[in-house]
Amino acid sequence: MQAKCVHCGTEHKLADADPAVHPKVQFRCSKCGNTTVVELQRRPDQTVVISPLPSFARADSSSSNLRLPPADDGLKLPATGVFVLAITSGPASGEVFRLSQPRVVIGRQGADIPLNDPEISRHHCLLEVRDKFINLKDLNSTNGTFFDEERVRAAMLQDGSEFRIGESRIRVSFQKN
18 MQAKCVHCGT EHKLADADPA VHPKVQFRCS KCGNTTVVEL QRRPDQTVVI SPLPSFARAD
78 SSSSNLRLPP ADDGLKLPAT GVFVLAITSG PASGEVFRLS QPRVVIGRQG ADIPLNDPEI
138 SRHHCLLEVR DKFINLKDLN STNGTFFDEE RVRAAMLQDG SEFRIGESRI RVSFQKN
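Just so we're aligned: the sequence shown equals residues 18 to 194 in the numbering used here.
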């Protein structure tokens with residue numbers, strides 16, 4: 018890839034960069050020593066992941082209180098079984114949580130389901146149970162919520178589904194009574 022220094026115009030040949038991994042490339046000019054950032058061109062059919070702002074850049078970052086929208090009437094735990102969250106990898110690997118309410122927040126200390134994972138936000142994601150399905154919603158976490166290795170804002174989980182937050186991989190399973 019060819020790129021010009023924006024300060025002095027010197028041409029530089031950069032190693033090919035993958036825009037799916039790195040949307041921007043930064044290099045230091047060998048002539049003037051200044052740093053230039055080059056935005057890579059994306060294909061029109063390529064998936065783009067939009068990351069939320071880190072917590073320190075958000076307007077409401079000074080508040081540690083979580084403000085969730087009100088729960089709707091459709092949230093309910095299944096009558097004939099229970100949803101279990103099993104941490105399959107990460108710092109809390111092996112821990113198991115039974116959902117006792119239809120709406121829970123996963124995060125660090127202070128969340129409904131606290132995980133000791135430094136890569137997750139205080140209030141990282143929300144799980145809402147609707148009979149035999151669980152809605153997974155990212156709560157504008159800094160490092161994101163991943164389902165099928167894609168960063169998601171929301172996903173519908175079924176029995177056996179797995180998602181990842183930080184270094185923790187979590188499996189959702191429905192167990193009959």
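All residues carry an ideal CB built from backbone N, CA and C; glycine is no exception.
As the structure is a prediction and not an experimental result, all values here were calculated from the model.
Start-to-end residues for the beta strand (DSSP E) that takes in Lys-41: Following the DSSP letters along the chain, one finds Lys-41 inside the beta strand (DSSP E) bounded by residues 41-45.
Figure out for me which residue from Ser-138, Cys-49, Phe-100 has the closest Cα to the Cα of Arg-229. A question about residue 229 goes unanswered here, because the residues of the chain that appear run from 18 up to 194.
Check whether the Cβ of Phe-180 lies closer than 6 angstroms to any heavy atom of the ligand MN, and answer yes or no. This structure does not include the ligand MN; it has no bound ligands of any sort.
Residue of Arg-147, Leu-92, Ile-137 minimising C-alpha distance to Leu-156: Among Arg-147, Leu-92, Ile-137, the Cα nearest to that of Leu-156 is on Ile-137.
Hey, Leu-143 and Val-122: beta-carbon distance below 7 angstroms or not? Their beta carbons are under 7 angstroms apart, which means Leu-143 touches Val-122 by this criterion.
Is there a Cβ from chain D that is less than 7 angstroms from the Cβ of Asn-133? The chain inventory of the structure shown lacks chain D, comprising one protein chain alone.
Residues in the same chain with beta-carbon distance under 6 angstroms from Arg-147, minus the five sequence neighbours each way, listed in chain order, please. The residues are Gly-91.
Does DSSP put Glu-184 in a helix, a strand or coil? Looking at Glu-184 - three-state DSSP - the assignment turns out to be coil, as it is neither helix nor strand.
Any idea what DSSP makes of Cys-142, helix, strand or coil? In the structure shown, Cys-142 falls within a strand segment according to DSSP collapsed to helix, strand and coil.
Can you tell me which of the three DSSP states Asp-155 falls into? In this structure, Asp-155 counts as strand in the three-state DSSP scheme.
Can you find the residues in the same chain that come closer than 6 angstroms, C-beta to C-beta, to His-24, ignoring five residues on each side of it along the sequence? Closer than 6 angstroms at the Cβ level, and outside the excluded window around His-24, lie Cys-49, Asn-51.
Take the Cβ of Asn-160 as the centre, count every other Cβ of all protein chains shown within 10 Å, and call the residue buried at 16 or more, exposed below. The residue is buried, with at least 16 neighbouring Cβ atoms inside 10 Å.
For Ile-67, which three-state DSSP category applies? With a pLDDT of 49 at Ile-67, under the threshold of 50, the modelled position of that residue is not reliable, and the figure given next carries that caveat. Coil at Ile-67, not helix or strand.
What is the rounded straight-line gap between the Cα of Glu-28 and the Cα of Phe-44? If I take the Cα positions, the gap works out to 12 angstroms.
Can you give me the C-alpha to C-alpha distance between Arg-115 and Ala-103, rounded to a whole angstrom? Their Cα atoms are separated by approximately 9 angstroms.
On the three-state DSSP scale, how would you describe Cys-168? According to the sequence provided, residue 168 is Arg. The question's Cys does not apply to it. Arg-168: strand per DSSP, three-state reduction.
For Glu-145, does the count of other Cβ atoms within 10 angstroms reach 16, so buried, or fall short, so exposed? Buried: at least 16 other Cβ atoms inside 10 Å.
Does the distance from the CB of Asn-133 to the CB of Pro-108 come in under 7 angstroms? Less than 7 angstroms separates the beta-carbon of Asn-133 from that of Pro-108.
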